[in-house]
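Numbering (my numbering), first residue to last: 4 to 581. Just so you know, even glycine gets a beta-carbon here, dropped at the ideal spot from N, CA and C.
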Amino acid sequence: MLNIKINNLDLQVPEGTTILDATKQVNIKIPTLCHLNLHEFGIVNQTASCRVCMVEVEGRPALVPSCSEICTDGMVIRTDNIRSITARRMAVELLLSNHPYDCLVCAKNLECDLQALAQELGIREIRFKGEKMNYPKDTSSFSLVKDPNKCVMCRRCETMCNDIQTCGILSAVNRGFDVFVGPAFNLDMVDTSCTYCGQCVAVCPTAALTEVNNTDKVWDMLNDPKKHVVVQVAPAVRVAIGELFDMPAGTISTGKMVSSLRGLGFDAIFDTDFGADLTIMEEASELIHRIQNGGRLPMLTSCCPAWVKFFEHQFPDLLDIPSTCKSPQIMLGAIIKTYYAEKMNMNPDDIVVVSVMPCLAKKAEAARPELTKDENSNVDIVITTRELGLMLKEAAVDYAGLPESDFDSILGESTGASVIFGTTGGVIEAAVRTAYEWITNETLEKVEFEQLRGFEGIREGHVQIGDLNLRIGIAHGLGNARTLLEEIQAGTSHYDAIEIMACPGGCIGGGGQPYHHGDMEIIKKRQAAIYQEDRNKVLRKSHENPYIKKLYDDFLGKPNSHKAHELLHTHYVPKEKI
């Protein structure tokens, strides 16, 4: 332990502690902008590029950045003297001098860390005026928008993209005054190997990176009397959307969410959980077939579109490994445009499918040509949890005061197995619940597989299914996925099945969820809520869903049938690594 003094307060800290972490022990708040602590992944963004956290250390001629300066024994620190305060304020003023003044219409208005710092430091005028960066916005992709003029060079996005996700898309472009973070050669995002996971958007402190806003498209469809507009909602949304209305992280608000959508005027409200149950029917069948017939192992889950795009770019030699199943949102969209259309005696062209997703990659996924039928998209419009929150606020909805209501039953009933799709490990656990009973013809009494749960970036579990010892690998975060895929390439993988989710925590930490600002405790609370929602369900195995059974009896035949493959399965395309 080291003895230090901060603002005349004596304290002890372990070796290796930064000044910033030391100040937190005595409730001293130092402003930060570039700092990002992702200790669960062994990553701390210590670029110290913003200089917003400067403090004075006795005996040093220059101020030091508290986020990266390590404490030494006997160190005497001042955070509250005029020199430190002036330097921090000056750093923010200089950032503002090269920043657009469009806060009122900015996508991050009231969610912007720079805006909050200016408010906190009492900055009411721009003292330094002159030339500003003037770069065009990049609106090339279906998922995210990049505005270099709002980049403050915090490098948070770079940390997420390169260190956590290992995609290597973002780095410093240009030098000096003209520098910003973007793809090499300032390529458009659509021309890179970006997976659209949205983790860069999730940690960006300003609006340099935001999602493509599709709310106007949804309003237009809701106001078109010729369109039958249905909405589906992913499992992770119900445990996060309450945060946008000042509810504690991890609040389950499923019933209120359904009521809010009904109030907006959707003609039918379906649960993507139904699509998740359907996914398990197909994916568990595919896994069993591969195991029993000497198929390619390990089989990888394919529900996450960012992960799918990752392996298409980074590991095109392994395209035969992932399951061919479409994601739950696309499966449900396909069923809505076919089975539901038949039941309702409607022309599929008159049906508009809107998805509410925790994920930015779902926007790009819906536009993939491999996921269309007769040139018609299975899903027409995708909005994020945040976008739904914006629509509800625009409609002046009292979310917390809404009554509880249920999804429309024909495609809204679901099981606990589908709910846990929202967290890392949930997809493979749901598959195991069904595979166990199909292989053994025995009832699975204990449906919770604790060995498949957790928050470690890479973990493994073994499940005994009759004579079969099923070896399962789980990874969340694309950097961890890379580790498992490289093992497959090297021939050292020992798994039968692997689940991969692109985002930390899985969908609960998706790029379209309420901003968590790097606080993994928020994601863990959402995870706990997902498991609670599973426990609240009467049925907890996908193959027990009576509406899923009826769908197969009336329409699909059986899992992995010709019709099921036509509607619910896809193929992958090798893509250039840029």
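Neighbourhood of residue i by C-beta, 6 Å cutoff - its chain only, sequence neighbours within 5 removed
{"i": "leucine 488", "result": "Phe318"}
{"i": "lysine 8", "result": "Val79"}
{"i": "lysine 578", "result": "Glu315 and His316"}
{"i": "threonine 426", "result": "Gly509, Ile511, Gln530 and Ile533"}
{"i": "threonine 635", "result": "Because the chain spans 4 through 581 in this model, residue 635 falls outside it and cannot be assessed."}
{"i": "glycine 480", "result": "Ile167, Gly460 and Pro507"}
{"i": "alanine 279", "result": "Pro331, Ser421 and Phe424"}
{"i": "threonine 50", "result": "Cys37 and Arg158"}
{"i": "glycine 464", "result": "Gln454, Leu455 and Ile475"}
Element boundaries [beta strand (DSSP E), containing residue i]
{"i": "isoleucine 46", "result": "46-48"}
{"i": "asparagine 40", "result": "39-41"}
{"i": "arginine 474", "result": "471-479"}
{"i": "arginine 293", "result": "Taken as a continuous stretch (DSSP letters only), arginine 293 belongs to no beta strand (DSSP E), being part of the alpha helix (DSSP H) at 275-295."}
{"i": "glutamine 467", "result": "461-468"}
{"i": "glutamine 15", "result": "12-16"}
{"i": "alanine 500", "result": "500-504"}
{"i": "lysine 149", "result": "147-149"}
Endpoints, alpha helix (DSSP H) assigned at residue i
{"i": "valine 60", "result": "No alpha helix (DSSP H) contains valine 60, which is instead part of the beta strand (DSSP E) from 57-60."}
{"i": "lysine 259", "result": "257-267"}
{"i": "phenylalanine 3", "result": "As displayed, the chain neither begins before 4 nor continues past 581, which places residue 3 out of reach and without an answer."}
{"i": "glutamate 524", "result": "523-539"}
{"i": "glutamine 235", "result": "No alpha helix (DSSP H) contains glutamine 235, which is instead part of the beta strand (DSSP E) from 231-236."}
{"i": "isoleucine 551", "result": "549-554"}
{"i": "valine 435", "result": "429-443"}
{"i": "glycine 336", "result": "331-338"}
{"i": "glutamate 569", "result": "565-571"}
{"i": "leucine 322", "result": "Looking at the DSSP string, leucine 322 is not in any alpha helix (DSSP H), and its letter there is neither H nor E."}
{"i": "lysine 8", "result": "Element bounds for lysine 8: not the alpha helix (DSSP H) but the beta strand (DSSP E), 5-9."}
{"i": "isoleucine 354", "result": "Careful: isoleucine 354 lies outside any alpha helix (DSSP H), inside the beta strand (DSSP E) at 354-360."}
{"i": "alanine 369", "result": "364-369"}
{"i": "isoleucine 33", "result": "Isoleucine 33 -> no alpha helix (DSSP H), and no H or E assigned at all."}
Cβ shell of residue i (< 7 Å), same chain only, five flanking positions each side left out
{"i": "valine 400", "result": "Ser263 and Gly266"}
{"i": "isoleucine 431", "result": "Thr304, Leu455, Ile475, Ile477, Ala500 and Glu502"}
{"i": "isoleucine 46", "result": "Thr162, Asp166 and Ile167"}
{"i": "asparagine 548", "result": "Asp280, Glu416, Ser417, Thr418 and Leu542"}
{"i": "serine 408", "result": "Gly258, Val261, Ser262 and Arg265"}
{"i": "asparagine 189", "result": "Val176"}
Of the residues the options, the one placed nearest residue i, counting alpha carbons only
{"i": "aspartate 411", "options": "Asp280, Asp270 and Thr387", "result": "Asp270"}
{"i": "glutamate 569", "options": "Ser358, Ile551, Ile338 and Glu397", "result": "Ile338"}
{"i": "tyrosine 555", "options": "Thr282, Phe424 and Val450", "result": "Thr282"}
{"i": "phenylalanine 458", "options": "Asp383, Ile526, Ala94 and His574", "result": "Ile526"}
{"i": "methionine 334", "options": "Asp83, Leu374, Ala420 and Gly133", "result": "Leu374"}
{"i": "arginine 92", "options": "Ala65, Ile33 and Ser144", "result": "Ile33"}
{"i": "aspartate 219", "options": "Val357, Arg130, His292 and Ser380", "result": "Val357"}
{"i": "tryptophan 222", "options": "Leu322, Cys506 and Met394", "result": "Met394"}
{"i": "leucine 300", "options": "His574, Glu61 and Ile491", "result": "Ile491"}
{"i": "arginine 86", "options": "Val67, Pro103 and Thr20", "result": "Val67"}
{"i": "alanine 438", "options": "Tyr343, Pro562 and Pro549", "result": "Pro562"}
{"i": "valine 466", "options": "Gln202, Asn6, Pro549 and Leu447", "result": "Leu447"}
{"i": "serine 71", "options": "Val55, Val261 and Ile129", "result": "Val55"}
{"i": "threonine 327", "options": "Met302, Asp13 and Lys230", "result": "Met302"}
{"i": "cysteine 246", "options": "Met260, Phe183 and Phe180", "result": "Here residue 246 is glutamate; the residue named in the question, cysteine, does not match the sequence. The option with the nearest alpha carbon to glutamate 246 is Met260."}
{"i": "arginine 127", "options": "Cys109, Tyr104, Ser146 and Val382", "result": "Tyr104"}
CB contact below 7 Å: residue i versus chain B
{"i": "cysteine 37", "result": "Although the question refers to chain B, the structure presented lacks it and comprises just one protein chain."}
Same chain, Cβ closer than 8 Å to residue i, five either side skipped, listed in chain order
{"i": "lysine 540", "result": "Ser417, Thr418, Gly419 and Val422"}
{"i": "cysteine 106", "result": "Asn112, Cys115 and Gln118"}
{"i": "lysine 566", "result": "Phe558, Leu559 and Gly560"}
Problem - Ranges of the alpha helix (DSSP H) found wholly within the stretch 375-425, counting only runs of at least 4 - result: 388-397 and 419-422
Handout entry: Whole beta strand (DSSP E) elements within the stretch 67-145, 3-residue minimum
Key = List check, beta strand (DSSP E) in window: 79-81.
Exercise for the section: Could you say if the stretch 151-160 and the stretch 205-214 meet the contact criterion of at least three C-beta pairs nearer than 8 Å? Expected result: yes
Practice task
Determine contact between the stretch 232-247 and the stretch 550-565, defined as no fewer than three beta-carbon pairs at a distance below 8 Å.
Solution key: no
Problem - beta strand (DSSP E) runs wholly inside the stretch 187-219, at least 3 long, in chain order - result: 212-214
Practice task
Just list the beta strand (DSSP E) runs in the stretch 153-185, keeping only unbroken ones of 3 residues or longer that don't cross its boundaries, in chain order.
Solution key: 174-176 and 183-185
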